[in-house]
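Below is one structure; the comments refer to it alone.
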Amino acid sequence: MKPVPLSVLPVGARARIVQIHGGRGLVRKLLALGLRIGSEVRLEHHRGRGLVVSSGAARVALGGGIVEKLFVQPLVDVDADVGDSLQHHPTGDRDT
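With the first letter of the sequence shown counted as 1, position 59 gets the number 82 in this note's numbering; the numbers rise by one all the way through.
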C-alpha cells in the first residue's frame, strides 16, 4: 500500500510514520515530540486542520501544515479483522 498523508486517516486509525516531507527543523521538532520515522501513532481526533495523535503514552497535537508533511503506512488490526470475520460467520465458530 502506498503511504498516505497522516491528515487523511479516520479517527481511531493506527499507522506507522514512513516519510517526513520537510527539512531538518521539522525533523528536530518531531523528534522533540517523540515522533520519528518508524513511530506508530493512533489518530485520536481532528482539531481544525490539525489533529491529535497518540504514540505510546504520549498525546501530541499537530498543526495542519505538519500533518500534510507526515506520510504514514496504515496498520491493520489483526484482532479486529478476526473478530469481524467471526461475527459474520453463521455459527460464530471457526472452521476446523
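Idealized CB from N, CA, C, for every residue including glycine.
Cβ neighbours of residue i in the same chain (closer than 6 Å, five flanking residues each side left out)
{"i": "H69", "result": "none"}
{"i": "A84", "result": "V75"}
Inter-residue spacing [alpha-carbon to alpha-carbon] between residue i and residue j
{"i": "Q96", "j": "G48", "result": "23 Å"}
{"i": "E91", "j": "L74", "result": "11 Å"}
{"i": "R37", "j": "G46", "result": "25 Å"}
{"i": "P28", "j": "A80", "result": "23 Å"}
{"i": "K52", "j": "R59", "result": "10 Å"}
Beta strand (DSSP E) segment containing residue i, residue limits
{"i": "I40", "result": "37-43"}
{"i": "L98", "result": "No beta strand (DSSP E) contains L98, which DSSP labels as neither H nor E."}
DSSP three-state assignment for residue i, whether helix, strand or coil
{"i": "S78", "result": "strand"}
Bounding residues of the alpha helix (DSSP H) (the contiguous stretch that carries residue i)
{"i": "V122", "result": "The requested residue 122 does not occur in the structure, where the chain is confined to residues 24 to 119."}
{"i": "V90", "result": "87-90"}
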